[in-house]
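>
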Amino acid sequence: MRVGFIGLGSQGAPMARRIVDAGYETTLWARRPATLVPFAGTPAKRAASPADLAAASDLVCVCVVDDAGLEEVLTGEYGVLTGLRRGGVVAVHSTVHPETCRRLADRARIHGVALVDAPVSGGGPAAARGRLVVMAGGEPGTLAYCRPVFATYANPVVHMGPLGTGQLAKLLNNVLFTANLATAADTLALGRDLAIDPAALAQVLAHGSAGSFALHRVTADGGTLDRFAGHAGPLLRKDVRLATEVAEASGARPDIVLPAASAALVMMNGQRPRLTSESDMTDPAPDESQPH
Numbered sequence: 033m034r035v036g037f038i039g040l041g042s043q044g045a046p047m048a049r050r051i052v053d054a055g056y057e058t059t060l061w062a063r064r065p066a067t068l069v070p071f072a073g074t075p076a077k078r079a080a081s082p083a084d085l086a087a088a089s090d091l092v093c094v095c096v097v098d099d100a101g102l103e104e105v106l107t108g109e110y111g112v113l114t115g116l117r118r119g120g121v122v123a124v125h126s127t128v129h130p131e132t133c134r135r136l137a138d139r140a141r142i143h144g145v146a147l148v149d150a151p152v153s154g155g156g157p158a159a160a161r162g163r164l165v166v167m168a169g170g171e172p173g174t175l176a177y178c179r180p181v182f183a184t185y186a187n188p189v190v191h192m193g194p195l196g197t198g199q200l201a202k203l204l205n206n207v208l209f210t211a212n213l214a215t216a217a218d219t220l221a222l223g224r225d226l227a228i229d230p231a232a233l234a235q236v237l238a239h240g241s242a243g244s245f246a247l248h249r250v251t252a253d254g255g256t257l258d259r260f261a262g263h264a265g266p267l268l269r270k271d272v273r274l275a276t277e278v279a280e281a282s283g284a285r286p287d288i289v290l291p292a293a294s295a296a297l298v299m300m301n302g303q304r305p306r307l308t309s310e311s312d313m314t315d316p317a318p319d320e321s322q323p324h
């Protein structure tokens with residue numbers, strides 16, 4: 033299988049490197065030439081455009097930042113769909129709105145191309161170790177075709193269901209992570225208010241039942257979300273917004289996770305969410321007129 037890869041950022045670059053090192057004939061394209069420098073001396077080829085990359089590929093993996101970037105790469109004048117052969121496959125590793133994937137899949141189908149949404153989680157270090165998680169939505173046969181390539185940088189690769197369910201799973205993952213950032217940072221701040229040594233508290237929490245990946249990240253960043261806001265804040269803000277849109281469109285009403293995730297975004301802006309009144313600290317009396 034010939035593989036094309038677009039999106040050589042902090043996560044995409046090690047993913048592409050794993051594909052190259054696994055021996056696949058790999059073609060790369062990037063807007064910024066600097067991102068191709070680490071691949072000098074490898075067998076990876078460079079393409080002049082996404083269309084040229086697609087013409088040299090059977091499977092094209094795309095790991096760009098957002099919906100607009102994904103649409104441009106796939107459907108632009110020199111986009112992937114103008115060059116990929118009939119029977120080719122596009123794997124969307126970006127985190128985007130599920131409807132964006134469904135719409136692009138319809139466009140791809142006109143060209144005789146299949147599309148799977150396959151967002152990933154774990155970050156660059158996990159990609160370099162082959163330990164990302166891929167949450168994939170689409171036809172089982174199409175995923176089976178892609179799985180050997182996905183397995184070069186991910187374990188596990190989980191089929192979530194129809195097209196779009198991979199994106200739904202990734203949005204839920206990122207919303208929960210963002211919410212966990214808020215609770216971790218606020219807990220450490222509460223410890224400081226109670227005159228507990230922050231380093232000692234962080235050590236205890238990390239080794240106890242309260243330990244989490246989010247707590248580890250907050251502790252590594254000094255116990256606050258200040259540094260986190262700069263490099264991860266915009267992406268998390270995008271994903272919380274997308275998750276909110278999806279929830280509202282479906283009529284879902286999450287009472288805890290989205291408000292907590294929103295609180296994390298407020299904290300990243302240098303503010304600290306506070307309860308509006310003392311009554312917020314207690315459970316409201318049950319409404320006996322409503323079924324439980």
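Taking the working numbering, I'd label the letters of the sequence shown as residues 33 to 324. Ideal Cβ placement from N, Cα and C applies to all residues, glycine included. Just so we're clear, the structure is a prediction, and the values are computed from it rather than from any experiment.
What residue range does the beta strand (DSSP E) around residue 167 cover?
By one-based count along the sequence shown, residue 167 stands at place 135. Residue 167 -> beta strand (DSSP E) spans 164-169.
> Measure the alpha-carbon distance for residue 116 versus residue 168 and round it to whole angstroms.
By 1-based counting over the sequence shown, the position of residue 116 is 84. By 1-based counting over the sequence shown, the position of residue 168 is 136. Their backbone Cα atoms lie some 21 Å apart in a straight line.
> Curious, which full-length beta strand (DSSP E) runs of at least 3 residues does the stretch 47-104 contain?
Those beta strand (DSSP E) runs which fall completely within the stretch 47-104 and span 3+ residues are 57-61, 91-94.
> Are the stretch 97-114 and the stretch 245-260 touching by the rule of at least three beta carbon pairs closer than 8 Å?
Judged by Cβ distances under 8 Å, the stretch 97-114 makes no contact with the stretch 245-260, as fewer than three pairs qualify.
> How is the beta strand (DSSP E) around residue 191 delimited, first residue to last?
Sequence index remark: in the sequence shown, residue 191 carries index 159 (1-based). Start and end: 186-193.
> For residue 142, which three-state DSSP category applies?
For the purposes of this step, residue 142 is identified with residue 110 of the sequence shown, where counting begins at 1. Of the three classes helix, strand and coil, the one that applies to residue 142 here is helix, per DSSP.
> Terminal residues of the continuous alpha helix (DSSP H) containing residue 273?
For the purposes of this step, residue 273 is taken as residue 241 along the sequence shown, with counting starting at 1. It spans 265-282 - the alpha helix (DSSP H) in which residue 273 sits, taken as one unbroken run.
> When you compare only the Cα positions, how much space is there between residue 143 and residue 162?
In the sequence shown, counting from the first residue as 1, residue 143 sits at position 111. In the sequence shown, counting from the first residue as 1, residue 162 sits at position 130. In a straight line, the C-alpha of residue 143 is about 32 Å away from that of residue 162.
> Under the DSSP definition of a beta bridge, which residues are partnered with residue 224?
Counted from its first residue, the sequence shown places residue 224 at position 192. Answer is none; residue 224 lacks a bridge partner.
> Taking its Cβ as the centre, do 16 or more other Cβ atoms sit within 10 Å of residue 308, making it buried, or is it exposed?
In the sequence shown, the residue the question calls residue 308 occupies position 276. In this prediction, residue 308 has a pLDDT of 41, which is less than 50 and means its spatial position is unreliable; nothing more can be read from the coordinates.
> Do you know how far the Cα of residue 269 is from the Cα of residue 45?
As a working mapping, residue 45 is identified with position 13 in the sequence shown. As a working mapping, residue 269 is identified with position 237 in the sequence shown. Cα-Cα distance, rounded: 23 Å.
> Have a look at 185, 301, 266 and flag the residue whose alpha-carbon is nearest the alpha-carbon of residue 49.
Position 17 of the sequence shown, counted from the first residue, corresponds to residue 49. Checked all of 185, 301, 266; the closest Cα to residue 49 is 185.
> With DSSP collapsed to three states, give me the class of residue 113.
Against the sequence shown, residue 113 aligns to sequence position 81. In this structure, residue 113 counts as helix in the three-state DSSP scheme.
> Is residue 73 buried or exposed, if buried means 16 or more other CB atoms sit within 10 Å of its CB?
Stepping through the sequence shown from its first residue, residue 73 is reached at position 41. Answer is exposed; the Cβ neighbour count stays below 16.
> Less than 8 Å separating the beta-carbons of residue 95 and residue 41?
Counting from 1 along the sequence shown, the entry for residue 95 is found at position 63. Counting from 1 along the sequence shown, the entry for residue 41 is found at position 9. Closer than 8 Å, so yes.
> Which class does residue 128 belong to by DSSP, given the choice of helix, strand or coil?
Start at 1 with the first residue of the sequence shown, and residue 128 comes out as number 96. In the structure shown, residue 128 sits in coil (DSSP, three-state: anything other than H, G, I, E or B).
> With 16 other CB atoms within 10 Å as the buried threshold, where does residue 239 fall?
By one-based count along the sequence shown, residue 239 stands at place 207. Exposed is the call here.
> Starting from residue 36, follow the beta strand (DSSP E) in both directions and report where the run begins and ends.
Sequence index remark: in the sequence shown, residue 36 carries index 4 (1-based). Where residue 36 is concerned, the enclosing beta strand (DSSP E) stretches over 34-38.
> Rounded to the nearest angstrom, how far is the Cβ of residue 91 from that of residue 35, given a contact under 8 Å?
As a first step, residue 91 must be located in the sequence shown, where it is residue number 59. As a first step, residue 35 must be located in the sequence shown, where it is residue number 3. Indeed they touch by this definition, with Cβ atoms about 5 Å apart.
> So who's on the other strand from residue 123, going by DSSP bridges?
In the sequence shown, counting from the first residue as 1, residue 123 sits at position 91. In the DSSP output, where bridge partners are listed per residue, residue 123 has 93, 148.
> Where does residue 294 fall in DSSP's three states?
On the sequence shown, residue 294 is found 262 positions in, with the first residue counted as 1. Reduced to three states, the DSSP call for residue 294 is helix.
> Measuring only the C-alpha atoms, how far is residue 130 from residue 108?
In the sequence shown, counting from the first residue as 1, residue 130 sits at position 98. In the sequence shown, counting from the first residue as 1, residue 108 sits at position 76. Residue 130 and residue 108: Cα-Cα distance of roughly 20 Å.
> Spatial neighbours of residue 62 within its chain, please: C-beta separation below 6 Å, excluding the five flanking residues on both sides.
Walking along the sequence shown from the start, residue 62 turns up at place 30. Taken in chain order, the residues that qualify are 40, 68.
> Is it the case that the Cβ atoms of residue 79 and residue 106 are separated by a distance below 8 Å?
Counting from one through the sequence shown, the residue named residue 79 turns up at place 47. Counting from one through the sequence shown, the residue named residue 106 turns up at place 74. It is not a contact, given that the beta carbons lie outside the stated cut-off.
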